[in-house]
Every structure is written in C-alpha cells, then in structure tokens.
Amino acid sequence: MGLICILLPIIGGIWLLYKKRQTYFVRLVLLLHVLLTGILLFLPDTSWVVWKLTDQLNIVLKTDGLSRIFLAMVSLIWLVVSVYAQDYLEHDENPIRFFAFYLLTLGGLTGLCLAGNFMTLYLFFEAMSLLSVPLVLHTMTREAVAAALKYLIYSIAGASMALIGFFILLHYGSIEFAAGGTLSAAVISEHRDILLAGALFTVVGFGTKAGIFPMHSWLPTAHPVAPAPASAVLSGVITKAGIFAVIRVVYYQFGVELIAGSWVQYVWIILSLISVLMGSTLAFKEQILKKRLAYSSVSQLSYILFGLGTLTPTGFVGAVLHVVCHSVIKNGLFLGAGAVIHQTHKTKVRELDGIGKVMPVTMTCFTICALALVGIPPSGGFVSKWNLIAGSLESGLGLISWLGPVILLVSAVLTAGYLLGISVQAFITGKDKNGAAAGQEVSGRMRNSQMLLAFLAVVLGVFSGPLISYLETIAGGLF
Amino acid sequence: MGENLFTNYYEAASVILFGVGFTCLLLSKNLIKKFIGLNIMDTAIYLFLTAKGYIAGRVPLMDADSVRDPELYINPLPSGLVLTGIVVSVSVTAFSLALVLKLYQTYHTLDLDEVLTKAKKEEE
Amino acid sequence: MGNNAWFLMIPILVPLIGGILVSACHMEQRRLRQGFVMATVILNSVFVWAAIFWLQGKEFRLVELSQSMSLTLSLDGLGCVFAGMVAVLWPIASVYAFEYMKHEGGEVRFFKYYTMTYGVTLGVAFSHNLVTMYLFYEMLTLITLPLVMHSKTDAAKAAGRKYLVFSIGGASLAFIGMVFLYHVVGDATFTAGGMMAVQGLAAAKGQNLLTIFVITFIGFGVKAALFPFHGWLPTAGVAPTTVTALLHAVAVVKAGAFAVIRITYYLFGADVLRRTWAQNVVLLLAAFTIVLGSAKALKEQHVKRRLAYSTISNLSYILLGAALMTPLGLQAALTHMIAHAFIKITLFYCAGSIIYKAHYEYVPQMVGLAGRMPVVMGCFTIGSLALMGIPLLPAFISKAGLLTGIVELGTPAAYIGMGALLISAVLTAYYLFSIVIRAYFPGKGFDITSNQDARDPNWLMKGPLILLCIICLLLGLFPGRLLEFFADIAAGLF
Amino acid sequence: MDFACNFPFFSIMLLMFTGIISMIAGPRPAKILSLAALGISTVLSALLIAYINQTGESFIYMMGHFPAPFGNEISAGMFEAVMAFGICGVAFLSLWGNGASTKTDIPEKKRNLYYIMMDMLMASLLVLIYTNDIFTAYVFVELNTIAACAIVMSKPGGETIAATIRYLIMSLLGSGLFLLGISLIYALTGHLLMPNMHEIIIELVHNSNYTLPLIVIVGLFGVSMAIKSALFPFHSWLPDAHGSATTASSAVLSGLVLKGYIILLIKLFFRVFSLDILKEFHISDVLLVLGLLGMIMGSVKAIKETNIKRMIAYSSVAQIGYIFMGIGMDITIGLVAAVFQILVHMVTKPMLFTAAGGLINVSGHKKDFESLQGSAWKDPLAGVSFIVGSLSMIGIPLFAGFIVKYYLAAAAFDTSKNTLIILAVLVLSTVLNALYYVPAISKIYHRDEASKFNWQDVLRTIGAVGDFPYQASLIIFIILNIILGTCSGPVFQALEMGLDMLG
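Residue numbers (our numbering), protein chains in the order written: chain A, 173 to 651; chain B, 216 to 339; chain C, 60 to 553; chain D, -5 to 497.
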C-alpha cells in the first residue's frame, strides 16, 4: 500500500517526462495520491520490509502517527499548489518538465514520510534532494543553475553529516525506528561521547534542509530563484523533510534520555535560537519579496527545531503543530508573492504600493497568512507558538528556558514588522502614490488555492484541538 | 722532523720526485711531457725501493764468481724488483710514445684536449 | 600440491601467446583480429572461472629462484575476487575497445599489448608468494607502458616516462620490503592472517618491522595512486580511453590495491599492525589522498582527468579499508574494489563515447548533451549516483562497511578517515553532478542546434555500457552473496 | 700435490705461448689458436673448480718449484677458480661471437696482432686472479694495461686513438700509484708474498705501529684499483674507450678487464689485510660512498647518452658502483653479493655489447638511437638478448640482476652502515636503470605505422642475420643469465666457500 503510494507519483513523473502528457494527467495522479493517503491514514500501523540488502541494511516502510500527519500534509499541499501552478506556468516554455519533477519529488517525500528505518530515510532523503534540484533550476537562468548546485551541495553535505550518525547507530544499536529510541542503556553508558557526537552531527546534518545555522545560506539563494509554486513547496514542505528526519533520528533512534540535559541539547537549542534571530532580522532587512519570505522560513523552521530541542512533550507537540501551520502559511505567502510577480513582474517590496487595490484577494490572503505567521490568535501560528514557549518553560534548561521564549517573542515582533509592513504598503497608500500598481487580479484557480490555504491557516488555529490531542498521544509514546 | 728528513734523504728525494712526476703527468697538456712525468714518477719509486734495499756499508750482489758470505751483501730483492720495474716502464714508455706518434700523425697536435675535440668532430 | 594445478598456468599463458600472435600473424584485417582477440579473451575468462571453481587452494611451483625464493602460483579466496572481477570485465571492455580503437589507429599494437596485459594481471591474482607477485607486478608495468604511450605524441611519451618512473620506483620500494621479508623474516608466502615468523619478530624489533611495512605499503600503493605518488595517474590519461578505463581504473590500479591487501593481511598480518603508528600513518595517507583526489577532480575541467582524480580518491577508499585491519574493513575494501571497478569503467566509457562521437573533452562543452546522447548520459547519471553512494547502488554498501569499520576500530586516525570519506562524498556529488546537471539542463539561450553530430554510439559501444550499468544495479541490489564470500575471506584472516 | 694444481699455471702459460706462437701465424690461425687456448683454459678452470670442490681447500703453487722469493707463487681457491672460469668462458664467447665484426673492424694485417694482444690480456688477467705475489701482480697489471690499450686502438680511426691515450694515461697513473703502494708495503713488511705480509700487518695493527703508513698503503691500493676499474669519479676514460673500440674489445674490456682489477683488490683486502683492518681504517666507507655515487652518476650519464655503446659503457660505471657498494658494506654477505655481481655483470655486459653490435650492423653502422629505430625487427635475436640484458639490469625476477639486487639489499639490512641510505640509493638506481634501458628497448622496437613491414621477413631474418657463432654466443649468454637468475644457489655457495678460503 505504502509502496504504491510512493511509486505512483514516481511512475507518473517518469511517464510524464517521456510521454509529455497534458497537465490534467498531473492532477489525476495527485488526486489519486491524496486518495491513497487518505486510505493509508485509516489503515492500522504497519511495518513492511520491502527489500533486504544485507541482514543489517534493508528498506522498510512503516506507517505510524507521525508519518500519517506528515503524509497528509504533504499530499494535500501538493495538490493545492499544483492547481495554482498550472495557471502560473501556462506561459512557461517547459511546464511538462516542471510537473514531472514536481511529481517525482512528491514520490521522494512520500517515501521519506513512510520510511521505517534510517537506511530508508536516508535513501529517500537523498532521492528527494536530487529530484527537487530541477525545480530550483527550472528557469535555467545562470543564477538559477548556480543556486541549484549550491542547494545540491548543501543537501549532500547535510546528508553525509547525518550519515555519521547513521553508521554510529548501525554499529552500536539498530537502525530501525522505535518510539523512544533504540539504544540500550548499557551502550549509552559505555559509548556516551561517540553517540552524542553522532547525534549532534545528525541533527545539524538533517537540520541543513531546515536551514539551521550555520548551514542555512543555501535557503535564501535557492528558494527565490525557483518559480513561485516550486519555492512554495520547497520552503513550505521540503524543508519540513529535514525536520521530520530530525524527529525520527532524535526521538526514534538516539532517544530522549541520551540527549536530554547533555551538551548536545544546549548546542542544538543555541544554534536554533541563533538562526531564529538571524533569520528574522535578515528578513526584516531584505528588500526582495521572495528572499524575505525565504529568510522568514529560516527563522520559522528554527522555531520548530527549538521546540524539538526542548525535548519536552509540549515542545514536541508545538513543534509538529508549527510544522503543519508553517507549511500551510508559508505556502500561502509564497503563492501570494508568486501571484504578484506573475501579474506585475515586481519583485521588490517597495514597488508594491497599492498593489492591494488591484489584487485584493491575493493581498487579503497574504495578509491573513502573515497574521497567522506572526501568531495572532486564533490563527494556527498562535497555538503552535504557545506550545513551543510552554515547552521551553517546561524544559528546565535554566537560563535557556527563559531566554528562548524571549527570543521567540522578539522574532515574532520582527515577523510582524517584515510581513505586515507589506500588507500595510499594499492597502494603505499615500495620495501621491495613486495607481502606482498596474495589472489585475490573478485567474480563478490561483485565487482559489490561495484562499484555500489562507482558510486552512485560520482553521488550523481554531480547530486545533483534535490535532493536538493526536500529537499528544504520539508524544506520549516518546517520553 | 728536520733531522728525520735529513737522515733518510733518499726517501725524501723520492717523494719529492714522485710529486713532480705526478703533477707533470696530471697537469701538463702536452702528451710527451705527460709521459716524461710518468717516467719521473716511476724513477722516484725505483729510487725509493733501492733505498729500502740498501744496507749501509755493504755492496750489491755483483760479482757472483767470488763468493763471500751473504752478510756482506745488500738485500738483493729490491734491486731485482727495480730492474723488473725499469724493464716494464721502458716498454710502457715505448708503447705510449708510439701511440703519441700515431696520434700526432692523425691530428697534428700533442694537446690532448684538442685531440679529443677533433675526435668528437670526427664522430659527427 | 594439486595434480592438475599446472592448469593455473593456462589463463596466464593464453593471453600472452594470443597477444604475441596478434602481432606475429600481423592481423591487419579488422574482422579477423577482432574475432581472434575476442575468442582469446572469452576463452581465457572461461578458463579463469573454471580455475576459480575447481582449483581453489591448489598450488603450482614453477621454479626455485634460490633456497628461500620460488615462483609459485596458487589460487585463494582473495585471488578469486580479483581474478573473477578481471575475467568479467575484460570481455566487455574488449567489445567496447573494438569500436573505440577505430579512431585511435595502431590497432594491432594496441590489441597485442591489451591482450597480453590480461595474462599478466591474472598472474598478479594467482601469485602464491611475494616474489611471484613482484615479478608479475613489474611485468605489468612494462607491458602496459606501450599502451600508455600508444598515441606516440610527445605528451604520451612524457606520460609514459612518468608512469615508468613512478611504477618502477614503487616496485623497488616494495622490493625492499620483499628483501626484508625473505632475508630477515625468512619467507614471504601468502598465509592467511600473516606469517607466524612476523609475529615472532614483531616482539623483537618492532620499529624496524613497521618502518618496512610502511615502505612496502607505499611502494605498492604507488600503483594504487596513493599520495604522494598519485601524480602518474592523471598524466597517464593521455592514453586511449579504453586503456584509461580498463587499466587505470581497474586492472593496474586494482593490482596495486590487491598487492597492498596481500602484504597487509597475508604477510605482516593485521594483528601485528593494528593500533600501531604504522597503521596511523597509512590511514592518514589514505585519508589525505581521498580528500586530495576529490578536490583535484573538482578543479579539473578535462573529463578524463577529472575521472582519473576521482579514481585516485576512490582507490584510497580501498586502501583505507585495507588499512583498517579489521574484518569489516577488509570486507569493505573488497566490496569497494568490485563496486568501483564497475562504476568507474562505466563512467569512463561514457566519457569515451562522448569523446568518440562528439569529440568533447572538457566539462563545459558537455552542456545539453543529454538530449543528443540519452543512453550515454543516462548511464553516466547512474554511474554518478552509484559513486556518490546512494543506497541501493553498490558503492553505498562498501561505504557502509568502511564507516562501520572505522567506528569499530575507533582510533583518532580512523575518525579522521571518516571525515575524509564524508567530505569526499560531498565533493564527489559536486564534480559528477556539475556534469550531469549541465548535460540535462543546458541553461537559458542554449541553442539546440549545437552538437548536432553528437549521437549515441552504435551497439558495440552502447551494449557494454548498458550491460555494465545493469551489473552495477544488480551489485547494488543483491550484494548478499558477494558480501558473504568476502566475509568468509575476512573471517579466514582473523 | 695433485696434478690438478698445475692447471692455473698451465692455462696462463698456454695463453702466453699461444700469443707468442701467433706472431708467426696469420690472422685466421691466430684467431683459432686463441679461441682454442681460451677454450682449453676454460675447461681447465672447470676441472679446477671440481678439484677444489672435492678437496675443499685452496692451495699454494710455486712456479718452477722454487720457494719465494726466487720463484713466485700462485694461490688458487674456489674464488679464483670460479672467476677464472667465468673470465675464460666469457672471453671465449665474446671473441667467438664477434668474429665477424672483428673481421670488418680490424684491418687484415693487424688482426693477428689483435688476437695476440687478446691472448696476452687474458693471460695477464688470469695472473691477476691467481698470483700470490704482489710484485708479479704489478708487472702483469702493466702488461694488462698495454694489451687493453692495444685492443682498443686496434680499430683504426682517430677516435679510438684519442680514447686509447686517455685510457693509457689514466691506467698508467693507476699503476704508478699501485707500484708506490707496493714499495711502501714492502718497506713496511719486507715481504712480497701475501700471506707473509698478512702476518706482519696483523702484528703491526695489533700493537698499533705504523697506522698512518698502513692507511696510506690501503688508500693507494684502493685508489689505483678504483682508477683502473673505473669507479666513479675515475670513470671519465671508460665510455670513450669502451664506446669506440670494436665490439669484441668493448665486451671483453667492460665485461672482464674491469673485473680483473676488482678481483685483485678483493684478494689484496682479504689476503694482505682483513675485513676488520679495513673497517678500522674506514677505507670501506670511502669505497661504499664512491660506489653509491657511481650507481647514481653512471645511470644519470647513461640517460643523457644517445650513442648506444656509450650508454652501455656508462651503465658499466653504475654496475661497478654496485660491486664497490657490496665490498664497502664490509660484511661477508655483502662481499659475496659483490662477487656474484662481478659474475653477473661478466655475462650480462658482453651480451649487451654483442647485441648492440648486431643492432648497429643491421642499421648501417650508426650508433645513435635515431638510426637504430626498429633495428630489433631486422635482427630479432639481438633485440631479444638486449631485452634480456636490460631486464636483468633493471632487476626483474628470473634474471640474474634480480638476485644481485636481492642479496645487496639483504646485505644492507645486516650491515652496520646506514641501511636506509643504501636502500634508498638502490631504489633510485633501479629507477634510473629503467629510465634508460626501457626507452632504449622501445626505440629499437619502434615501428612506424607508415612503413608496411612484413612479419614473414622478420621470421626469415631470425636465421639469416649474423653468422652462426654470433647467434650461438648470444643464445648461450641468454641461457647463462637465466641460469644465474633462477638457480643461483650452488654458485652462491661456491662463492661463499671461495671467500672464506681467501681469508
């Protein structure tokens, strides 16, 4: 079942690449994928060894709570964005290729979500990185190619850092995912330092995908050059793959009790806090719209890493929740930005005066998402951040547990600064700036998808109850 | 040291001679001179040998007809060696002079370096 | 003493004679020559496999050199690995060579030496003791020299000279080690787990022993392009691609690695060397070479030289594995030996086909080539992925082995090696994918009409390529049996 | 006093008388005579080897049965016997094999003189090997010098004469020093026979009198012999002499004559002095260093050389370096290795020269590599033996050179000297050897694609090129080389036995 779920988009993509089908084919595939995912959601937990390379190394697929959440998120957003993309790319010279790799990437991601052990995780992680490269360099401009290579290198570097952890685990424990970690107490007590080092490497390595300091610099380069739908999913979803991997490795492999209170945890949290602050300040200073969003991703993702780093159930819940919210929101934002660029070819923030007059829907959705990201109740962002902060207060890390929330709040303020500023510019224009913005509202499809995302952003906040309780059950298994 | 030199002046002289011959053999360009130097060198060594064989106040083994007791004679062996040596050096000298002659006929010079340069030219 | 052990001579002699015949009968007609060479090579591969199946453990003494030294052939597990690998690759490579050499000229000469090399390589694999291996090792150098200088250009001659100096130099370093073993230790027969005598000696004059080991390791490492003696390999890239592919990615260089494994595990013995400064020295050398090779490959714009540098770094993977001196390490080394052989020959053949068809030799020229030569670039991509160590492809298995072995050994030098491996993994991805990506995504304003003439080559070249790719994939998917076999070998040594 | 003890004396006398008789004989009889003499003395020394092997001890033979000092003595042991055997045999092969080229190179009326000189040369060499009396040694050194110069210059042309002159001067210098050394040692010991001198010198050293003069004497002997055997830096005369002479002469000169002096030196060191004394005087260190330098410099010079014969001559310098290195390590195994190297070089170098001669013949009597290109296809046998020689020089197993290298390196492990430096030089020189022999091979086997050459021709030429003796001798040389390379054991034991007979 899971295998079909993975293979479907991959085969679809390859088919598309060679048969050059019309794009309704894409939607068909995606719908099917959502359907399958839906079915998968309600099937019981399973674990299935697909392939035995050696007795140690094998490919395993499993479904559990975490994978369900991520899978649902991924597949849903993919569908939404694809709808938007069809109109966005209608004048593009080579939409087929874009969609092909779009599907392939989805395959990779699905595999990642369903991975049952470290080996599989690594496999699909690499696959997804490689397959998403074409999305980045789709426009084929010089800087696009450069950015793509940078993206590639950072991903590979991250992955190979993670490999260190992989092999240390392979030698000292097992690489199967099991809630609460796989390492026996004896091993931990014996090889503590090695294991901790491995854990740190792995976290930073996978964190690279999530743009953790000091491995963040690819993100603002790669995301903006891609076409808007691509940057949306890159920044909204694919980055979450890194988060997912971190969760898997930390909570399902090394285990909480190894890391809790160790120097690794401090390093981790401090790194994430640094990137939170840095990301939002840079975003604040950034003038190019998409770049600004990218920087904001850096900071937001580090919120999540921070939440995970607290190693508390609440923090965990908040983190995963923020994963979902942020992916919805950030997609919404990018789609909005994309819409603006698509219609007016304006990329700089200060060119956007009065854009709200000509593109009301877009900018409204943009604003809603912005508010959600800042964390205004009752949006999703609020709930997740609340949990994050609560988590850090629970964590009992002394100074950090106080410093963390402060930084989060500061960056929230900054967020408000760099996002709401745009909305304000867009709607409230000075009298002399009248009609500065030309062009008109985007087509129906694009509008709908934006609206849908904005709607989701709010809904997630209001009806977050069931999700939270579900997450708490998961977290219950981990601590 | 000083009277040392004086007492065995034969050796001193022979060493000096040897030096002269050696330098002459090595340094002078002219082939004839080289071989003269060689001869001087040999002579020096013969002098040395004979000096070694000489025992003060005795006579060489000349007239074998009137046999007296061997106490009166000098050590005959070095003399024999010297004779042999002289013969050898004479023959060597003859040979080398013949060579020089031949060389002069071909190259019309006695300077070895010139000869070699010419020989090289001949090769090309 | 097997009654039919003399059969071990056959696989060595057949190609030598065949090669001589090629030039003796002066086969100018291409069909005849190709038929003949192909027949010889395939026949010989059959012989090799026959030997592998029936003659393991047999030994055959050719001649006594002196009281202690004798030329003896025998076949053990390790030999089987090497011989088997060569026996599989040679026929495939020959098919490719037939087509490729058309535009190089001097085919008679080429195939003469090409065939003879086969025999000599097998000789290295079949050696029973150090002096025998030394003999074939030297012969290997001398017989591949004409292949390096094939084009007879000044560059080729210079390369040949460099190759000669490095190889002979390395061999004579190894010679010192050999003399030490025969003279001081008294024997140098390959015995699993190292010779007792050495272990006896290890107690007595350890330092001297270790020094000699390092010298010997470096000496044989020269053929495996170990820093600081790696320089010849890129220079030798002037040779025809078939040579570079088969010899300088597989036969010759692997012979070096093979020799290193021999001396480490079969003469000095891992137990004597493990956790000594000697091990650290060789580990660090290998690690440094790994990084250096990949870095240089990144800087290099000439495709073949880039691949050559990548060979340098990958060979040091093998040496690193060998230097770990743990069962896992050896197992990984052997795995990587096989894996890299197939992968690298694939890559080289892709490069060769590009040079052959499109006459492009530099990376920037290969922009948008994928449209023109889908098969070739496809194989190239698979090769690149494999070399990067993506799971389900062969190199991943060996890397897994290496890194686990490193963790197992756990000395600082070993962890440095781990760092080197990971760095070079990144670099590998970079220097290979910068080619692949450019080939598939030429970039804006790339006129599709350029490289019109570039086409996929005919089946004589395509066939081997695809076959090799398939083998790569199979190796990656079904490593089980192979690994077990290696594990058995390794188990015998500890 | 067995009859066999006369064999050394016989073979020497035989050669001398052959020389004298040849004066009245024509060229062809002269050749036959000397070949016969050489053959016989080869057989005699073979028998002598057998005899000594049986008795297991060396013997002293008084010429004309006068006791010293009136008659002078021959001392023959295994070492001398083996060397004599090698020298006579190789000389026979070189003369026999190169008869044709000798005929072309040397004018009709001089040829019998040439063979006379050859006889004299051989006789004097045998004396150098056998003699027990150093003054006799001196006399025959001079005779040897003259004869050698004669056979160099026997080939007309200014080049040879010039070479001869240089050769002559250098060797006369050498013999002068040797004579000086002799007279000094006589002055010191009052004896000319080696054993007697030995006793007295042991005594002198024992209560350390006359240390300085002794050092001077050893130095004089060392230097004089070094000059004559072209040890670096006294090698300058060698390439001219050996490069310009006719092939047979070059073969004999660098194969045998050089060795004669080294053998004499070894005898002096062993029978007059002893290893310990040499160690004490550090003369062996000097020899070692010079030997090492020679190994490098000779090869370096050879790499630059474009004239094939000169190249081979320079390689002799390097090979001599090997010998002195072996001696200089002043341990027995090193000496054995050195002596073995003497043998190996005896059989290898003449082969190379003969082969080179053949190649030169087929390529229009030109000696530079450009004109030699592809000559190996015209004379396959020469090509093959050149390859064998080169491989042996580089030190590939199965060939003699490998064994030598092996034992030298082995000695380096045992010696008290700096092992690593010696080994390093050994490695370096191996590389250098390869660096000029392999390109040479590829040159003579070079075949340009343009010239449509036909293998059948080559097959035909195998039998055709060169007369029978030429081919036969080449083949024998190859076989000898491989025998020395593959079953070195017995030879080695013989040499070891010989060396402790000397001491």
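The beta carbon of each residue, even a glycine, is placed where N, CA and C say it ideally should be.
Quick caveat, the model's predicted, so the values are computed rather than measured.
For residue 491 of chain D and residue 260 of chain D, the gap between their C-alpha atoms comes out near 15 Å. The beta carbon of residue 486 of chain D sits no closer than 8 Å to any beta carbon of chain B.
The beta carbons of residue 369 of chain C and residue 487 of chain C sit closer together than 8 Å.
Contact annotation: residue 195 of chain C and residue 142 of chain C have beta-carbon atoms that are not nearer than 8 Å. In the displayed model, residue 494 of chain A falls within a helix according to three-state DSSP.
An exposed status is given to residue 494 of chain D, since fewer than 16 other beta-carbon atoms sit within 10 Å of its beta-carbon.
Against chain B, a Cβ distance below 7 Å from residue 162 of chain D picks out 311 and 314. The alpha carbon of residue 82 of chain D has as its nearest neighbour, out of D:347, D:100, D:247 and D:163, the alpha carbon of D:247. For residue 482 of chain D, a Cβ of chain C is located within less than 8 Å of the residue's own Cβ.
Around the beta carbon of residue 153 of chain C, 16 or more other beta carbons sit within 10 angstroms, so the residue counts as buried.
Residues of the same chain with a CB within less than 6 Å of the CB of residue 211 of chain C, apart from the 5 flanking positions on each side, do not exist.
Residue-level contact check: residue 221 of chain B does not touch chain D, since none of the beta carbons of chain D fall below 8 Å from its beta carbon. When secondary structure is reduced to three states using DSSP, residue 360 of chain D falls in the coil class, being assigned neither helix nor strand.
The beta-bridge partner set that DSSP reports for residue 235 of chain A consists of A:218. The DSSP-derived three-state label of residue 307 of chain C is helix.
By the CB criterion at 8 Å, residue 306 of chain A and residue 439 of chain C fall outside the cutoff.
Residue environment for residue 74 of chain D: buried (at least 16 other C-beta atoms within 10 angstroms of its C-beta). The three-state secondary structure of residue 357 of chain A, taken from DSSP, is helix. Taking 8 Å as the CB threshold, residue 248 of chain B stays off the interface with chain D. The continuous stretches of beta strand (DSSP E) do not include residue 523 of chain A, and DSSP gives it neither H nor E.
Per the coordinates, the alpha-carbon of residue 292 of chain B lies some 12 Å from the alpha-carbon of residue 66 of chain D.
Residue pairing by DSSP places residue 223 of chain A opposite A:231 in a beta bridge. For residue 306 of chain D, the uninterrupted alpha helix (DSSP H) run begins and ends at 302 to 322, by DSSP. For residue 158 of chain C, the enclosing alpha helix (DSSP H) has its first and last residue at 136 to 159.
Restricted to the stretch 61 to 101 of chain C, not a single beta strand (DSSP E) segment is unbroken, complete and at least 3 residues in length.
Around the beta-carbon of residue 531 of chain C, 16 or more other beta-carbon atoms lie within 10 Å, marking it buried. Under the three-state reduction of DSSP, residue 373 of chain D is assigned to coil, being neither helix nor strand. At least one CB of chain C lies nearer than 8 Å to the CB of residue 390 of chain D.
The Cβ atoms of residue 520 of chain A and residue 597 of chain A lie no closer than 8 Å to each other. The stretch 412 to 432 of chain A makes contact with the stretch 370 to 378 of chain A; the number of CB pairs closer than 8 Å reaches 3 or more.
For residue 129 of chain D, the residues of chain B that pass the 8 Å Cβ criterion are 296 and 299, in the order they occur in the chain.
Nearest Cα to residue 322 of chain B within the set B:305, B:310, B:336 and B:235: B:336. Buried is the label assigned to residue 158 of chain C, since at least 16 other Cβ atoms lie within 10 Å of its Cβ.
Using a Cβ distance threshold of 8 Å, residue 553 of chain A and residue 501 of chain A count as a contacting pair. The beta carbons of residue 546 of chain A and residue 591 of chain A sit closer together than 8 Å. Ranked by how close their Cα comes to the Cα of residue 327 of chain D, the residues D:209, D:222 and D:398 have D:398 in first place.
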